[in-house]
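Colleague: The structure is given below, and queries will be raised subsequently.
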Amino acid sequence: MNRLFHKGYYGSVEYSTEDDVLHGRVLNINDIVTYEGTTVSEIKASFVEAVEGYLQMCAELGVPPDKPASGKFNVRIDPSLHRRAQEKAAALDVSLNDLVAKALREYIEDRLSP
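Under the numbering used here, the first residue of the sequence shown carries the number 99, and numbering increases by one thereafter.
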């Protein structure tokens, strides 16, 4: 997978045959932050510089930087599954959020492990 990582931010790496350049974008945020380079070391350095520049710009403007994962997301499921999940959470004496977080954690760690 062509991904870069710095200070909690992930970035893509793509190759443009038209321009003969590597380029990318910081992923999973609403703001648009891009970077490019002609070598692997340049694209890595450009990504770090882009993230640092983004964080510095946000600080100068007094606005919080967009975070790649806030810990909140909406999930739309079948009402019968929702009811069953609520019943299971109640039976285990945990919140629905805790039940869903545990289920996701177990699924990711057990089934998606390399």
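Don't be surprised by glycine CBs; every beta carbon is placed ideally from N, CA and C. Everything numeric in this text was worked out from a predicted model, so none of it was measured.
Can you list, in chain order, the residues of its chain whose CB lies under 6 Å from that of Asn100, leaving out five sequence neighbours each side?
Modeller: Counting only Cβ-Cβ distances below 6 Å, and skipping sequence neighbours, we find Val111.
Colleague: Of all the CB atoms in chain D, is at least one closer than 8 Å to the CB of Leu120?
Modeller: The structure shown contains no chain D; it is built from a single protein chain.
Colleague: Just the Cα atoms here: how many angstroms apart are Asp196 and Glu207?
Modeller: The alpha-carbon atoms of Asp196 and Glu207 are separated by roughly 16 Å.
Colleague: Quick one: measure Cβ to Cβ for Ile141 and Glu134, integer angstroms, because I've assumed they're closer than 8 Å.
Modeller: 7 Å
Colleague: Counting only the same chain and skipping the five closest in sequence on each side, list residues whose C-beta sits under 8 Å from that of Phe103.
Modeller: Gly109
Colleague: On the DSSP bridge assignment, give the partners of Tyr113 in chain order.
Modeller: Leu120
Colleague: How big is the Cα-Cα spacing for Leu179 and Lys186?
Modeller: 10 Å
Colleague: Excluding the five sequence neighbours on either side, which residues of its own chain have a C-beta within less than 6 Å of the C-beta of Asp129, listed in chain order?
Modeller: For Asp129, where only same-chain residues beyond five positions count, the Cβ hits under 6 Å are Asp164.
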